[in-house]
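What follows is the structure, given as structure tokens:
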């Protein structure tokens, strides 16, 4: 099989503060054959994105050091030896990149039509008019509705899925031979994710191009990849065909990645984590026992929501305003010690429900009964004592923790506000116990948020909520940005806490496999409406509404579940 790209002995180091050197990629070698998809898989920090950016020479020149023995051969030319002008001709024309976050890659002050046309004019001899016409064709090709009108839209006027489609239109505009897709679907809803994956696969066949797909999600990889390269800590642990990797993985790390992600077919008592596979005794068989889920008729209801609605007033032109109903008469019940999963696409109203329950948004109507008391009718003073009992863990742990506070200050502040503990000494003791409970060492108390990984920060956010000893914990996309292995750790932690404290969870997510694993009951939302509510097993096995069937049909099935189907 002919190789389009050959990476040989790639070694990348970075200069850090204090003249320290960090080795990010340690002499890796892999190939990308013509007309095929190669997936580069691993956790954050494995070196996969650094490897990809080395190919297009987009690493920072001030700090990145690529070994002179490294070689990246593209169509017989070593890209690392090319003059900068020649490399600019390759980059964007022969090799294109789709980045993870379109809003940080698209220019906010130019229309999307201008940005696609700019690539064409830079790499071809098209006139402005020709480039504009071709850009409109590309918008149509990637499935953006009403492309003639959307050409004049700015990035912020498009949805996340449409922004990613614009990025893809840019990337394929010059019909590249190699497309590098760096986590292009990580933050997208399952339906949009499936559309993007299908789009990339169709474009690959139509344009006969190769794809280097970077991700940490092996369920996605199982649907699109021909070959897989598994990376950890800058090294390749295993590589081979998708069939060989999925059906007979040889390295414990690969086996761990395959097992960490929740499956819609199984619900083990605890999800396996990386360490389970790397230790000699392996996975504890007791943890693989299936956990029963679902509401029972005699469950105690801790929270009852009736006809909850929320409307927003948005600007419509210079002087006009229009009313948008974000939540429309939502009704549901939350049982003590159980989890209600809220699912739906972006804009469905899931997060608005959670924020309105917390009174972070003022409700437009309805009632929220907590132990029989309507929280929406309480004064701010009377609601204060209920704030302790309903807490929320936000999606982004980087934004929800005060960077100027130590972890100790972050944990002590809510205890002081709500007069928990008789003095600081007792509060410090409680904070230390909570850090231990969420799996963090005592020394974490004295550190700042920036000194922790994303998964550790989410544990800190959970510990902060636990200082209040809440009855209800709202998890708003709290594991969506995490690697599958870290995600498994946080989900296990949430389950342990629920088992121990009988807390009730409202678990908001677009990841339906995760929702199936942790939820007893699932509520499906679309455009502010509650479409369907049922026990999790029932809704996944026998969905009643077409919208629910569409959502479930979009879940990445991975290799084994695709084969089983």
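Numbering (our numbering), first residue to last: 3 to 567.
Here a beta-carbon is modelled for each residue, glycine too, at the ideal position from N, C-alpha and C.
Taking the alpha carbon of residue 73 as the reference point, which residue from 370, 492, 102, 29 has its own alpha carbon closest? Residue mapping note: residue 73 aligns to position 71 of the chain shown, counting from 1. It is 29 whose Cα lies nearest to the Cα of residue 73.
Could you say if the stretch 152-167 and the stretch 103-122 meet the contact criterion of at least three C-beta pairs nearer than 8 Å? The answer is yes - the stretch 103-122 touches the stretch 152-167, with three or more Cβ pairs under 8 Å.
Through-space distance from residue 334 to residue 526, alpha-carbon basis: Residue mapping note: residue 526 aligns to position 524 of the chain shown, counting from 1. Residue mapping note: residue 334 aligns to position 332 of the chain shown, counting from 1. In a straight line, the C-alpha of residue 526 is about 11 Å away from that of residue 334.
If I measure Cβ to Cβ from residue 282 and keep anything under 6 Å in the same chain, skipping five residues before and after, which residues do I get? Taking the first residue of the chain shown as position 1, residue 282 is located at position 280. Counting only Cβ-Cβ distances below 6 Å, and skipping sequence neighbours, we find nothing.
The stretch 454-462 / the stretch 397-406 touching (three or more Cβ pairs under 8 Å): The stretch 454-462, when compared against the stretch 397-406, does touch it at the 8 Å Cβ threshold.
Closest to residue 66 by CA distance: which of 467, 366, 14 is it? Locating residue 66 in the chain shown gives position 64, where the first residue counts as 1. Taking only the C-alpha atoms, the option nearest residue 66 is 14.
Using the beta-carbon count (16 or more within 10 Å), is residue 405 buried or exposed? By one-based count along the chain shown, residue 405 stands at place 403. That one is exposed.
Determine the extent of the alpha helix (DSSP H) in which residue 542 is found, giving its start and end residues. Position 540 of the chain shown, counted from the first residue, corresponds to residue 542. Its alpha helix (DSSP H) spans residues 538-543.
Can you tell me which of the three DSSP states residue 39 falls into? Taking the chain shown and counting its residues from 1, the one referred to as residue 39 is at position 37. Looking at residue 39 - three-state DSSP - the assignment turns out to be strand.
Would you check if the stretch 440-454 and the stretch 340-349 touch, i.e. whether three or more CB-CB distances between them fall below 8 Å? Verdict: no, contact absent.
Beta-carbon separation (whole angstroms), residue 97 vs residue 57, contact threshold 8 Å: Sequence index remark: in the chain shown, residue 97 carries index 95 (1-based). Sequence index remark: in the chain shown, residue 57 carries index 55 (1-based). Right, the Cβ-Cβ distance comes to about 7 Å (below 8 Å), so this counts as a contact.
Once you ignore the five residues that flank residue 238 on each side, which residues in its own chain have a CB closer than 8 Å to its CB? Within the chain shown, the letter at position 236 stands for residue 238. These residues qualify, in order along the chain: 30, 31, 32, 231, 232.
Taking just the CA atoms, how far does residue 42 sit from residue 278? As a position in the chain shown, residue 278 is number 276, starting the count at 1. As a position in the chain shown, residue 42 is number 40, starting the count at 1. The straight-line gap from Cα to Cα measures roughly 23 Å.
So the candidates are 369, 388, 49; which of them puts its Cα closest to the Cα of residue 470? Taking the first residue of the chain shown as 1, we reach residue 470 at position 468. Nearest C-alpha to residue 470: 388.
Leaving out five residues on either side along the sequence, give the residues of the same chain with a beta carbon under 6 Å from the beta carbon of residue 76. For the purposes of this step, residue 76 is taken as residue 74 along the chain shown, with counting starting at 1. Cβ within range, chain order: 7.
Is residue 248 helix, strand or coil by DSSP? As a first step, residue 248 must be located in the chain shown, where it is residue number 246. It is helical.
Measuring alpha carbon to alpha carbon, tell me which residue in 375, 385, 373 is nearest residue 360. Numbered from 1 along the chain shown, position 358 holds the residue referred to as residue 360. Nearest option by C-alpha distance: 385.
May I ask which residues mark the beginning and end of the alpha helix (DSSP H) holding residue 51? Residue mapping note: residue 51 aligns to position 49 of the chain shown, counting from 1. Per DSSP, residue 51 belongs to the alpha helix (DSSP H) from 50-57.
Beta-carbon within less than 8 Å of residue 505's beta-carbon, same chain only, minus the 5 sequence neighbours each way: which residues are those? By one-based count along the chain shown, residue 505 stands at place 503. 339, 472, 473, 474, 475, 499.
Among residues of its own chain, excluding the 5 on either side of residue 285, which ones have a beta-carbon nearer than 6 Å to its beta-carbon? Counting from 1 along the chain shown, the entry for residue 285 is found at position 283. So the list reads 274, 278, once near-sequence residues are dropped.
Using 10 angstroms around the beta-carbon of residue 586, count the other beta-carbons present and answer buried if the total reaches 16, otherwise exposed. As displayed, the chain neither begins before 3 nor continues past 567, which places residue 586 out of reach and without an answer.
Got a sec? Which residues, its chain only, sit under 8 Å from residue 243 by beta carbon, not counting five neighbours each side? Locating residue 243 in the chain shown gives position 241, where the first residue counts as 1. Once the five neighbours on either side are set aside, the close Cβ partners of residue 243 are 228, 229, 230.
Judging by CA-CA distance, which residue of 369, 354, 431, 203 is the nearest neighbour of residue 40? The residue given as residue 40 occupies position 38 in the chain shown. Of the listed residues, the one whose Cα sits closest to residue 40 is 203.
When the Cα of residue 514 is compared with those of 139, 52, 482, 492, which residue comes out closest? By 1-based counting over the chain shown, the position of residue 514 is 512. Of 139, 52, 482, 492, the residue nearest in Cα terms is 482.
Is residue 325 near the ligand NAP, with its Cβ less than 7 Å from a heavy atom? The ligand content of the structure shown is nil, which means the ligand NAP is not present either.
Inter-residue Cα distance where the pair is residue 11 and residue 183: Working through the chain shown from its first residue, we reach residue 11 at position 9. Working through the chain shown from its first residue, we reach residue 183 at position 181. Distance between the alpha carbons of residue 11 and residue 183: 22 Å.
Can you give me the Cβ contacts of residue 394 inside the same chain, cut-off strictly under 7 Å, excluding the 5 residues immediately before and after it? Walking along the chain shown from the start, residue 394 turns up at place 392. Within the same chain, residue 394 has close Cβ partners 356, 360, 476, 478.
Can you tell me whether residue 158 is buried or exposed? The criterion is at least 16 other CB atoms within 10 Å of its CB, across all chains shown. Counted from its first residue, the chain shown places residue 158 at position 156. Label assigned to residue 158: exposed.
So, for residue 131: in the same chain, excluding its five sequence neighbours on each side, which residues have a beta-carbon less than 7 Å away from its beta-carbon? Indexing the chain shown from 1 puts residue 131 at position 129. Cβ neighbours of residue 131 within its own chain (closer than 7 Å, five residues either side excluded): none.
So within the stretch 442-508, which uninterrupted beta strand (DSSP E) runs reach at least 3 residues, ignoring any that extend past its ends? 474-478
Taking only runs that begin and end inside the stretch 239-327, name each unbroken alpha helix (DSSP H) of 4 or more residues, in chain order. Those alpha helix (DSSP H) runs which fall completely within the stretch 239-327 and span 4+ residues are 244-249, 254-262, 276-280.
Does DSSP classify residue 365 as helix, strand or coil? Numbered from its first residue, the chain shown carries residue 365 at position 363. Three-state result, residue 365: coil.
Which whole-angstrom value describes the C-beta separation of residue 276 and residue 487, a residue pair presumed to lie in contact below a C-beta threshold of 8 Å? Sequence index remark: in the chain shown, residue 276 carries index 274 (1-based). Sequence index remark: in the chain shown, residue 487 carries index 485 (1-based). Right, their Cβ atoms sit about 5 Å apart.
Answer yes if the stretch 517-531 comes into contact with the stretch 323-332, meaning at least three C-beta pairs across the two stretches below 8 Å, and no otherwise. Touching, per the Cβ criterion.
If I'm right that residue 312 touches residue 358 with Cβ under 8 Å, what's the distance once you round it to whole angstroms? As a position in the chain shown, residue 312 is number 310, starting the count at 1. As a position in the chain shown, residue 358 is number 356, starting the count at 1. Rounded, the Cβ-Cβ distance is 5 Å, consistent with contact.
CB-CB under 6 Å to residue 195, same chain, minus the five flanking residues each way: which ones, in chain order? Position 193 of the chain shown, counted from the start, is the residue given in the question as residue 195. Closer than 6 Å at Cβ, skipping near neighbours: 187.
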